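Notes to accompany the following structure.
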Amino acid sequence: MSFGDPNNPYGQQPQQPPQGQPGYGYPQQAPQGVPPQQGYGYPQQGAPQPGQPYGAYPQQQPGMMQANSGYINVPGLGTVQVASMGRRLGARALDGVVIGILYFIFSAIGVAGAMGAAESAEDCGSYMDPGYDACVNEASAGIIAIAFGSLLVFGLITLLYEWLMVAFVGATLGKMVLGVKVIKENTGQNPGLGGGFIRWIIPMVGAFVCIGQLLVYLSPFFDNSGKLQGWHDRAAGTLVIKK
């Protein structure tokens, strides 16, 4: 009676492991669709849910941060990088320079207008002349109107600069230079008129409360979600990303 290999002391053929299952001393192979680096036979993070085919791993949900990476998944844009506070504060400083230039221009216009009104007051003649008081009052009213008018126009232009550019472009000049953009967190699109206005008005309201405006601009430091959203970003539903 033959029991197989004569060199086998037990007289039996060596058993092969069942197909598809690893045996002792045999290299393990991952099933098709599982990345090799994940290994096989050990639980992996992001494992497929019940009912899903093996090897199908759920994708990151929109709005979720990738842990400690500074990246976030935004609908319509995919994975984007959150803008650093250095870039954001640098962009704010550049915008301050732009606004300062506008302020200088309109202040010069106001001063020139006020000087012209003052010269008109000198032309009123002597206080003994009939109509002198009316002439001086008219010149003084002109000086006040020019001063307030120039400030009003300056405020309107700064409003339109910050509001409309963020609303329709997603960036001011300073943000463009430093590669920063403001988007709607839930769509990835530009903030629009409503989002842009909310994002502008909150720091302006803070300006009337001591250092409130500065606190609003620094408030992203207080955000522990990793998105660096300031109070004005949360109210407007916006996110600042690196382009």
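So for the sequence shown, full-length UniProt numbering puts the first residue at 1; every next one is plus one.
All C-beta atoms in this analysis are idealised placements derived from N, C-alpha and C, irrespective of residue type, glycine included.
None of these values were measured; they are calculated from a predicted model.
According to DSSP, what are the bridge partners of Ile79?
Ile is not the amino acid found at residue 79; the sequence shown has Thr there. Answer is Asn73, bridged to Thr79.
Take Asn190 as the anchor and find which of Gln213, Leu173 and Thr238 has the nearest alpha-carbon.
If we check each option's Cα against that of Asn190, Thr238 comes out closest.
Assuming Thr187 and Gly78 form a contact by the criterion Cβ under 8 Å, report the distance between their Cβ atoms to the nearest whole angstrom.
Between Gly78 and Thr187 the Cβ distance is about 13 Å, and since that is not below 8 Å, they are no contact.
How long is the line joining the alpha carbons of Leu193 and Asn137, rounded to whole angstroms?
Their backbone Cα atoms lie some 42 Å apart in a straight line.
How about Lys181 and Ala167: are their beta carbons less than 7 Å apart?
No, Cβ-Cβ distance for Lys181 and Ala167 is not below 7 Å.
What residue does the beta strand (DSSP E) around Leu239 start on, and which one ends it?
First-last of the beta strand (DSSP E) with Leu239: Thr238 to Lys242.
Leu228: buried (16+ other C-beta within 10 angstroms of its C-beta) or exposed?
Per the 10 Å Cβ criterion, buried.
Check whether the region 149-162 touches the region 97-114, counting contact only when three or more Cβ pairs, one atom from each stretch, lie closer than 8 Å.
With the cut-off at 8 Å, the region 149-162 and the region 97-114 touch.
Bridge partners of Val166, per DSSP?
BP columns for Val166 are empty, so no partner.
Measure the alpha-carbon distance for Gly142 versus Gly230 and round it to whole angstroms.
Rounded to the nearest angstrom, the two C-alpha atoms are 42 Å apart.
So who's on the other strand from Lys184, going by DSSP bridges?
DSSP output for Lys184 lists Thr238 as bridge partner(s).
Which of the three DSSP states, helix, strand or coil, is assigned to Asn224?
It is coil, neither helix nor strand.
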